[in-house]
Amino acid sequence: MEPLSFQEYICSLDPTTLPRILRICSGVYFQGSVYEVSGNECCLSTGDLLKVMAVALQKVICEDMETGQTTELPPTFKGEQGCPPLWVQPHCPTGLFQPAPAPETYPTLRQPFLEGSKQQGLMLHQVLGRWHRRPQPLLCPTIGPRALLLHPVYEVHAAMHLRRDVVKIPSTLEVDVEDVTEEAQHIHFARPLLLSEVLGMEEVLPAHAEILEGPSSSAVFKSTWVPQLQRGQRLQLHGRSHAWRVLASAPGSGRHFLLSSAYQGRFRRRPQQFTGVQELAASLRPGGRLRVVVTQDCEGRGNDVPPLGVGDRLEARGLQGNGPGTRLLCHR
1 MEPLSFQEYI
11 CSLDPTTLPR
21 ILRICSGVYF
31 QGSVYEVSGN
41 ECCLSTGDLL
51 KVMAVALQKV
61 ICEDMETGQT
71 TELPPTFKGE
81 QGCPPLWVQP
91 HCPTGLFQPA
101 PAPETYPTLR
111 QPFLEGSKQQ
121 GLMLHQVLGR
131 WHRRPQPLLC
141 PTIGPRALLL
151 HPVYEVHAAM
161 HLRRDVVKIP
171 STLEVDVEDV
181 TEEAQHIHFA
191 RPLLLSEVLG
201 MEEVLPAHAE
211 ILEGPSSSAV
221 FKSTWVPQLQ
231 RGQRLQLHGR
241 SHAWRVLASA
251 PGSGRHFLLS
261 SAYQGRFRRR
271 PQQFTGVQEL
281 AASLRPGGRL
291 RVVVTQDCEG
301 RGNDVPPLGV
311 GDRLEARGLQ
321 GNGPGTRLLC
331 HR
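Numbering (UniProt numbering), first residue to last: 1 to 332.
Structure, rendered in structure tokens:
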């Protein structure tokens, strides 16, 4: 098959023949190493292979052949409802397309409809289904009396070698492609896996693996083997451990501990510290109680605030009053 522009190929593609494998004959690369724009693939190199999985119509650009003016038609375009424009002949239904007659006969619309659609016309999706590489001049009473060219824009969903997700490529991307489906049946489009995905496939372990992308951040603990986990490193994966681990740190020091779920030691929760009465009151839940120990001596203020000493035990029971005069009710 001779190379075609990507737009020509996709427009003439029969969806029932999918998937199809394409080779990029002339690549395109955007300045600045931009790999994706608005979620769409925009950089394809010469020789790249695509496995086209699906094609979705996004919009149709409608071009007036006489004025060059363009408008967008939605994929669901069916024409306006109600009375047709006054210039429309009674035999020509609105919202339907038919071949444009020779220029000297405009706008009589007496040219027969496309084969198999006489006196009915074709809906938008039917016209696009009969695409023959190049757009044909058409007439649509709803849009106007002059000949039109339809330029469909598709979103192509394709698989690429060593890409995790299906890539989305606009059909208007200026690349040339050739169909190599028949000669590329043996080609497998490898999909990279996360380490967690590989470890979840216990039936394939042990297995050989190669790191395609190393860690993006430094390790949280020192190790002699973590720096070796770089791109290109080959590994032999034997299996997975079902024990989970917790990374813990010691307050006030730079020490860290990696604790296994198999650890049989015991822990005691560290007491919560409050820097003042307001913080203690904020931690008190409605209907709940908090037992606290005084850690700093406090002089009393008359009968309202009794003196407190280090070691005094209190039970905070709730708030009394509203606004600035709110008090914390405690039991000693």
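Think of the CB as a built atom: it goes at the ideal place given N, C-alpha and C, for glycine as much as any other residue. Here the structure is a predicted model, which is why all the values come from computation and not from measurement.
With a cut-off of 8 Å on the beta carbons, I'd call L173 and F6 a contact; round off their distance for me. Here residue 173 refers to the residue found at position 173 when the sequence shown is read from its first residue. Here residue 6 refers to the residue found at position 6 when the sequence shown is read from its first residue. Contact between L173 and F6 holds, with the beta-carbon distance rounding to 5 Å and staying under 8 Å.
Using alpha carbons as the reference points, say which of Q296, Y263, R268 lies closest to G276. Here residue 276 refers to the residue found at position 276 when the sequence shown is read from its first residue. Checking every option, the nearest Cα to that of G276 belongs to Q296.
Extent of the continuous alpha helix (DSSP H) to which Y9 belongs: Numbered from 1 along the sequence shown, position 9 holds the residue referred to as residue 9. Element bounds for Y9: 6-11.
L122, buried or exposed, once every other Cβ within 10 Å from all chains shown has been counted against 16: Residue mapping note: residue 122 aligns to position 122 of the sequence shown, counting from 1. Burial is judged here by how many other beta carbons sit within 10 angstroms of a residue's own beta carbon; L122 has at least 16 and is buried.
Just to confirm before moving on: does the CB-CB distance between E66 and H151 stay below 8 Å? By one-based count along the sequence shown, residue 66 stands at place 66. By one-based count along the sequence shown, residue 151 stands at place 151. No; because the gap between Cβ atoms is not below 8 Å, this pair is not in contact.
Do you know offhand how far G318's Cα is from Q228's? Residue mapping note: residue 318 aligns to position 318 of the sequence shown, counting from 1. Residue mapping note: residue 228 aligns to position 228 of the sequence shown, counting from 1. Approximately 57 Å, taken between the alpha carbons.
Would you kindly check if the distance between the Cβ of P3 and the Cβ of V156 is under 8 Å? Reading the sequence shown from its first residue, position 156 is the one you call residue 156. Reading the sequence shown from its first residue, position 3 is the one you call residue 3. Cβ atoms of V156 and P3: not closer than 8 Å.
Among G47, V292, L162, nearest to L328 - alpha-carbon criterion: The residue given as residue 328 occupies position 328 in the sequence shown. Taking each of G47, V292, L162 in turn and checking the Cα distance to L328, the smallest one comes out for V292.
Take the Cβ of L44 as the centre, count every other Cβ of all protein chains shown within 10 Å, and call the residue buried at 16 or more, exposed below. Position 44 of the sequence shown, counted from the first residue, corresponds to residue 44. A buried status is given to L44, since no fewer than 16 other beta-carbon atoms sit within 10 Å of its beta-carbon.
Report the rounded CA-to-CA distance for V226 versus R266, giving the unit in angstroms. For this step, residue 226 is matched to residue 226 along the sequence shown. For this step, residue 266 is matched to residue 266 along the sequence shown. V226 and R266: Cα-Cα distance of roughly 30 Å.
Check H151 in the structure and name its three-state DSSP category. Position 151 of the sequence shown holds residue 151. In this structure, H151 counts as strand in the three-state DSSP scheme.
Which word fits R20, buried or exposed, when buried means at least 16 other C-beta atoms lie within 10 angstroms of its C-beta? In the sequence shown, residue 20 corresponds to position 20, counting from 1. Buried, since its Cβ has 16 or more Cβ neighbours within 10 Å.
My assumption, with CB atoms under 8 Å, is that V153 sits in contact with K222. Please give the rounded CB distance. Looking up residue 153 in the sequence shown gives position 153. Looking up residue 222 in the sequence shown gives position 222. The C-beta separation of V153 from K222 comes to about 54 Å, leaving the pair out of contact by the 8 Å criterion.
R164: which of G68, C298, L195, A219 sits nearest, CA to CA? Walking along the sequence shown from the start, residue 164 turns up at place 164. For R164, the nearest C-alpha among the options comes from L195.
Under the rule that 16 or more other beta-carbon atoms within 10 Å means buried, what is S261, buried or exposed? Within the sequence shown, residue 261 is the residue found at index 261, counting from 1. Classification for S261: exposed.
Using C-beta distances below 8 Å, list every residue in its chain close to R255, excluding the 5 sequence neighbours before and after it, in chain order. On the sequence shown, position 255 is the one that residue 255 refers to. Annotation for R255: S249 place their beta carbon closer than 8 Å to its own, counting only its chain and skipping 5 residues before and after.
Would you kindly work out how many angstroms separate the C-alpha atoms of F274 and H238, rounded to a whole number? The residue labelled residue 274 in the question sits at position 274 within the sequence shown. The residue labelled residue 238 in the question sits at position 238 within the sequence shown. Their Cα atoms are separated by approximately 50 Å.
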